[in-house]
Structure formats: structure tokens, C-alpha cells
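Using the numbering used here, read the sequence shown as starting at 3 and increasing by one per residue. Positions of the beta carbon are idealized from the N, C-alpha and C atoms, including for glycine. Quantities reported herein were computed from a predicted structural model and do not represent experimental measurements. See structure below.
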Amino acid sequence: MSTPRAKPKYYLTTPLYYTNGMPHIGHTYSTIVADVIRRYKRMRGFDAFMTTGADEHGVNVERSAQKAGKSPQEFSTEIAVQWRRLWDDLGIPGDEFIRTTDEKHHRTVQWLFKRCRDNGFIEKGRYTGQYCVHDNAYVVDAGPGDACPDCGRPTETVTEENYFFKLSEFQQKLLDFYAANPDFIQPESRRNEVLSFVKGGLKNLSITRTTIRWGIPVPGEAPHVFYVWFDALIGYLSAVGGPNYDQRGLWPADLHIVGKEIIRFHAVYWPAFLMAADLPLPEQIWAHGWLLFDSEKMSKSRGNVVRPRPIVNAIGIEPLRYYLLREIVFGQDGSFSYDALVTRYNSDLANGLGNLASRTLTMIERYFGSEIPKPAPARGGETDAPSTAEFANEALTKVMHLYDRFSFSLALESIWEIVAMIDKYITVEKPWALAEKPEDRARLATVLYTAAEGLRIVTALAHPVLPLATQKIWDQLGQTEPLSGVQLDLLSWGQLKPGTKTGKPEGIFPRVDKSETIARIEAMEQEQNKVPETPAVAAPSAAAGTGAGAAPAVAASAKIGIEDFAKVEMRVGQVKTAERVAGADRLLQLQVDIGDEVRQIVAGLALAYKPEDLVGRKVVVVTNLQPRKLRGVESNGMIVAASTPDGAPVLAGFLEDVPVGAKLK
Ligand code: MSP
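Given below as C-alpha cells:
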């Protein structure tokens, strides 16, 4: 029996992220996209509900916990809390944050397994094969010593007695399902990929493990625990009622948003598990592409990740949302670049929407005492409101159609065409000149009404992507109904009421200096990277503002044991060469002799030290950090410096002479 709903429901999910590391901009992209869809669906009359969460079991988390000297539960909880806090700080929290360690999730997994077993789709068997620890997956065609085809890491040979899910029995059922539901897998390229995989034949799938302990126990079958992917997918269902899903009325999901590398789990295994358990299947799986940095997938292991907090602290969350949705064609891979981010910010937000809002509202304040003027009836011949109205009404339909297809980039392009159209209209009509002549007063009223009405429509259409900034403009336009409650299909030209009091025009997106902003992001990133990715230390909190930024909160200092300190290897290094990194005001690229090798290190020292003054200088180098790229240049270590209140670093050094390569203890 389901709860009656006033509005149709729309249930969507992000992937449940692993708790063996902290989010980067790739994860943030998935969650932002889901949030945009949630907001858009709400503006189309749906009761939209979004689940995100943490995927906490498996070998990876178990091993990371071991390294950190913590129990998996303790380790994973600390990381899950940080993920959740980040989504809150960025204004993109799930309506439900499911953790796969939640009791309700355990119950749901065990219940679903029993249903599959009772229906005859589970059997016991032995498995010997290659396993990729990183991807938590058996590599079917690999032999001993082979690398994982997905991540390139060496696979491990394992032999286990497992419970198997009879996936092979679902080949035809899945193919029939895909044929009957052609939109189930999106985009088309992924659908084709999945179809050919399934047509190639499906092998039974081992869904329990005896080699690890950190997992959900298979009831009555100790020491078996569930395979992490069997467990994790079920999280989407545990989040909305589990065995009692029909009481919440949210299941089946309308949409699972995933990255392309996990499409098979979602489009093949997941529907098969649900079919076996006799449960309703999700409506759609949408696989987006990857964010690339320097042409490679951004990932922690490649050392090329970009974190969201420094960007948000420097420029705000809304520019990041806009950039990701405007610049990356949803479904395809796209390159991430700070340069393009700041360029988009200045051109489309500061000079585009922000400028349109401020010039329109300022002129209404100046010429009409902050009151929306009444447009004069059209006389014909002028560049008048009716043609603008027609353009905007057509654009409204077009933009909704594009949002419906998740063509975010094109939707934003169309919205910004309206911005450009109104800007041009203002430039052609020159309201400042009309204001000079009393006989042009009626025309002036028409022009400013038209600009304000266009701005109102643009603001509503851009709301799913820019929720905070558009709400501010909406308020300034004197609109009292919350923008999130506006129904886009009821929006049409001419609803702006003359006489409405407008608010004080306020800059929404101040222009920023590109190189200074990028330098700030990079400096904050460097600062953040000094904090090891262990959950014991809190990451700086981000400002969820619309525009340029707030300072990061101070990281909570926690006490560590001597064994933690001993993990950091520091040596005396000597700078051999130093040069500036092109386009980065703060960064220097150094070659540093650390005794047995010369390391390339990129350091944020340029504001305090000239490159030539550093050559020959002895410095303290952290030598066992993962390499990473800064502005495309690989950095293999870190130079230790004190942070001063004005932000200028001061290098750590020695009063006595010390040999190069000496270790610090
Ligand atoms: N825990 C599994 C998902 C289980 S869902 C029941 C998992 N977790 S993950 O932490 O590795 O997150 C993977 C997801 O993060 C991807 O599917 C994608 O949504 C996002 N991204 C991670 N790196 C990415 C990029 N470089 N670019 C875009 N998105 C990426 O897999």
C-alpha cells in the first residue's frame, strides 16, 4: 500500500561513493548533475527525491583502514561523515544519505538475497580466478599475473567457495527488457555497448566472499559476506524503504545517474538481481562521461585530481555548477580546466547574466523609482516587445525540451541566447537616451518592462543550475513566490506585473581576475594537499556562496601517534634549478636534489621567492607523497614552509650545515 502523493514522484540516485578516499571534482560532477535534475523536475511538478550515499564495504576500504590503523567501521564512518558534510556545504545534499553500513541496508540486502534464493537463482560453487582489488571485481578473461583491463593494476589469483547468482539465466530476459524499454540505458552509445556485452553471453556471478571480513554477513552462512557490488546496488532500494518499499511509494527509481565505467553493474547485474527477486526495475540508467585532466581520467591513483573545495572557496559553487553543465556535453568525456572555468565565469555569469540583471534593475530604480513600469501598447515599427515575447516563449519550450533530454549544455546555450537577445535589445533601444526626452517616456517604459520580463524568464529557466544566484535576482525583481516553486510550463511572457516594487540591484557575479583567481585556487589546493587524506583531520569547509569567495575554515587539529608521524618521510634537499610555471603566479617548478635522486617539485613559493634566489638553497622535502600534477606539471614531493597570516610562505631551513639527503626525524 503506498502513501498517496499530491504530485507524481520522481526518484533519482547518484552512485554511492566509496569511502576509501575523499571526493574530487568527478564525483562532485555526478552529484551536481543529479541535483540539477532534482531541481528541474520539481519545477515541472514532480515530487523529486534524490538519494546519495556511501559504499563502505570491500577490500579497498578494509585495506585503507588497516593502513590508517583503524577498524574498517571507524575509518569508513569518518570518511562517510566528510562526504556527507561536503554535499551539505556545497548545497547538494541527498534527500537521503544511505550508508551501506546502515542496519536498514543490511536487512534489505539479506531480504533480497533470500528472495533470489527462494526463487531458485542462487547456487553454491567454487571459483578460482583473477580478482582486481581496486575495482572489487573478478576479471573474467584474465590469467595469473595479468593486469586489470579497467584500471591497469595487477590482478590477484583467488580461490573461493562462493554463492553464485545465476546471471546466465537472465540473458534473454534482459535482452527482451532492453527491447521493450529502449530508453532504459542512455546515452545510445552505452546502450549499444551493454547490448553487445549481454549478447556475448552472461556467466554466473560470484556474489559472496570468504576471503574478506568487511562486508554484510550472508545469514546462516558464516564466514560468507556479500560481494560489495551485490551489496551496494541494493542501497538504492534500502534508502527508500527496503522490504517495505511500497509504503514509501518511491520505488522503482526513475533514474540512476552513474559514470560510464559502472554502467554494466547498473544496466546488467542490477536489473537481473531485481528480476530474480521479483521486484520492479528502475526506469532509466544514464551514464555520463569522465572529467579528464591533462587528457586522462581524473583519479586519485593517477595523482591528477582536482578537489571541489578550493574552487568553491575561491569562486563559489554556482560558477562551478554552471561551468560543468555548460562546458561538458552530458554523456561525453570533457576536459576540466581552471582557465575555462574562470573564462566562463567572467563571460557568461559576470558579463552575461549578472550584468543584464544589474543594468536592468539599476535603470528601473533610476528612471521608475524601483517600480516595474507599464509597457505602452505597441505602435509598430519599433524593435518591440511582441517579437521579444515570441522569441522568449519559443525559447521556453525549447529549453524545457532540452532539459527533459538532459542536454544541459544546449539548454544553457539557449537560455544565454535570450540573455544576449535582451542585451542587444537594450543596446539598440538605448534607454538612457530615451530617458533624456519626456516624449519618449512610454517607449522607455516598454523597453525596461521588456528587459525585466526577459530577465524574469531567464532567471526561472536557469534556476536548476544556478539556484542561489537566480533566487537573488528573482527577489530583486520583486517576486515573492519562491523560485523553486515556480512551474516552468506555466511560465509565459507578460506575467510580470507592472507596479511591482523591485529591490536594490546588487552585483551577483563580480568579475574576477583570471590569473589571480587560478593562483588562489592552486594555493588552496596545495594547502589542502598538505592535509593527508586520512579521516582524522577535517577538510576545510567550503563556502556555498554564489560568487567569489570566503576563506576556508581552519582544519581541526587532532593528536596523532608517533607511528603516524613516522609515515612522513622528510629529507634535506638542495634546489638545483627553479623557474616559474607559465600562467600560475604562485607556482615555481623546481629540480631538487634529495641525495639519491633529483626530484621535480612544483611549489607555491613564487610570491615570496624569486626563482634565482632559490638555486643552491637547502630545503626540507616531504619525499613520500603520491606524485600529482599542478597546472599540468608533475610534482613529486613537497617543500616544507610556514604559512604566514598574509599568505606568503617562509621556507623551513637549518642554521648549521646539513648534508643533502639527510633524513629528518
Ligand atoms: N561505489 C561505486 C558505486 C556503487 S553505486 C551502487 C563507485 N564509487 S566511486 O567512489 O568510485 O564513484 C564512482 C563515480 O564517481 C563514477 O561512477 C562517477 O559517477 C564519478 N566519477 C569518479 N571519477 C570521475 C571522473 N573523473 N569524471 C566524472 N565522474 C567520475 O564506483
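Residue i CB to nearest heavy atom of the ligand MSP below 8 Å
i, result
"Val260", "yes"
"Gly16", "Note that residue 16 is Thr in the sequence shown, not Gly. Yes - the ligand MSP has a heavy atom lying nearer than 8 Å to the Cβ of Thr16."
"Ala234", "yes"
"Asp57", "yes"
"Ile264", "yes"
"Trp216", "no"
"Lys474", "no"
"Lys299", "yes"
"Phe267", "yes"
"Leu281", "no"
"His108", "no"
"Leu294", "yes"
"Gly480", "no"
"Gly28", "yes"
"Trp231", "yes"
"Tyr238", "yes"
"Tyr31", "yes"
"Gly291", "yes"
"Tyr325", "no"
"Tyr165", "no"
Expected contact under 8 Å - CB spacing of residue i and residue j to nearest Å
i, j, result
"Ala454", "Val488", "Wrong, their Cβ atoms sit about 16 Å apart, outside the cutoff."
"Val574", "Val624", "12 Å between Cβ atoms; not a contact."
"Val622", "Ala654", "5 Å"
"Glu163", "Thr213", "Going by Cβ atoms, the distance from Glu163 to Thr213 rounds to 10 Å, so no, they are not a contact pair."
"Glu524", "Arg633", "7 Å"
"Gly678", "Arg7", "Outside the displayed range of the chain (3 to 667) lies residue 678, so it cannot be described from this structure."
"Ser637", "Gln602", "7 Å"
"Met365", "Pro433", "6 Å"
"Pro219", "Pro254", "The pair is not a contact, with the Cβ atoms about 27 Å apart (cut-off 8 Å)."
"Ala378", "Ala444", "4 Å"
"Asp595", "Gln576", "5 Å"
"Arg266", "Phe199", "6 Å"
Heavy atom of the ligand PLP within 8 Å of residue i beta-carbon
i, result
"Tyr20", "The ligand PLP is not part of the structure shown, which contains the ligand MSP as its ligands."
Does the region 101–115 come into contact with the region 230–245, if we say contact requires no fewer than three beta-carbon pairs (one atom in each stretch) closer than 8 Å? Result yes; three or more Cβ-Cβ pairs closer than 8 Å.
Three or more beta-carbon pairs under 8 Å between the region 489–501 and the region 52–69, yes or no? Verdict: no, contact absent.
For the structure I just gave you, are there three or more beta carbon pairs, one from the region 305–321 and one from the region 134–146, closer than 8 Å? Using a Cβ-Cβ distance cut-off of 8 Å, the region 305–321 and the region 134–146 are not in contact, since fewer than three pairs of beta carbons, one from each stretch, lie closer than that value.
Going residue by residue through the region 349–436, where are the continuous alpha helix (DSSP H) segments of at least 4 residues, counting only ones entirely within it? Here the runs fully enclosed are 357–370, 387–406, 410–431 and 433–436.
Does the region 338–350 touch the region 504–517, meaning 3 or more C-beta pairs lie closer than 8 Å? Enough Cβ pairs lie closer than 8 Å, so yes.
Validate contact between the region 50–61 and the region 407–424 using beta carbons, cut 8 Å, 3 pairs: Output reads no: the region 407–424 does not touch the region 50–61.
Which runs of the beta strand (DSSP E), 3 residues or longer, sit entirely within the region 59–138? If we require 3 residues or more, the beta strand (DSSP E) runs fully inside the region 59–138 come out as 98–101 and 124–134.
Which ranges would you report for the beta strand (DSSP E) in the region 446–521 if only whole runs of at least 3 residues count? You should have found no qualifying run.
Is the region 309–329 touching the region 271–288 in the sense that three or more CB pairs, one from each, lie closer than 8 Å? In this structure the region 271–288 does not lie against the region 309–329, because fewer than three pairs of beta carbons, one per stretch, are closer than 8 Å.
Decide yes or no for the touch test of the region 162–169 against the region 184–191: beta carbon pairs closer than 8 Å, at least 3 of them. Result no; under three Cβ-Cβ pairs closer than 8 Å.
Can at least three beta-carbon pairs, one atom from the region 501–510 and one from the region 355–369, be found at a separation below 8 Å? Result yes; three or more Cβ-Cβ pairs closer than 8 Å.
Check whether the region 270–277 touches the region 26–35, taking contact to mean three or more Cβ pairs, one atom from each stretch, closer than 8 Å. The answer is no - the region 26–35 does not touch the region 270–277, with fewer than three Cβ pairs under 8 Å.
Please go through the region 605–644 and give each complete alpha helix (DSSP H) segment of 4 or more residues, from N-terminal end onward. Unbroken alpha helix (DSSP H) runs of no fewer than 4 residues, entirely contained in the region 605–644, are found at 613–616, following chain order.
Is there contact here, the region 261–270 with the region 191–210, by at least three beta-carbon pairs under 8 Å? Taking a cut-off of 8 Å on C-beta distances, the region 261–270 touches the region 191–210, as three or more cross pairs fall below it.
Segment contact flag, the region 292–299 with the region 330–338, C-beta cutoff 8 Å, min 3 pairs: They touch, by the three-pair rule.
With a cut-off of 8 Å, do at least 3 Cβ pairs link the region 464–484 to the region 434–453? No, the region 464–484 does not touch the region 434–453.
Counting pairs of beta carbons, one from the region 155–162 and one from the region 120–134, are three or more of them closer than 8 Å? These segments touch.
Mind listing, in chain order, the continuous beta strand (DSSP E) runs of no fewer than 3 residues lying wholly within the region 235–288? DSSP runs (the beta strand (DSSP E)) wholly in the region 235–288: 257–261.
Segments assigned alpha helix (DSSP H), at least 4 residues, entirely inside the region 163–246: Restricting attention to alpha helix (DSSP H) runs no shorter than 4 residues, the region 163–246 encloses them at 173–182, 190–201, 230–235 and 237–240, ordered along the chain.
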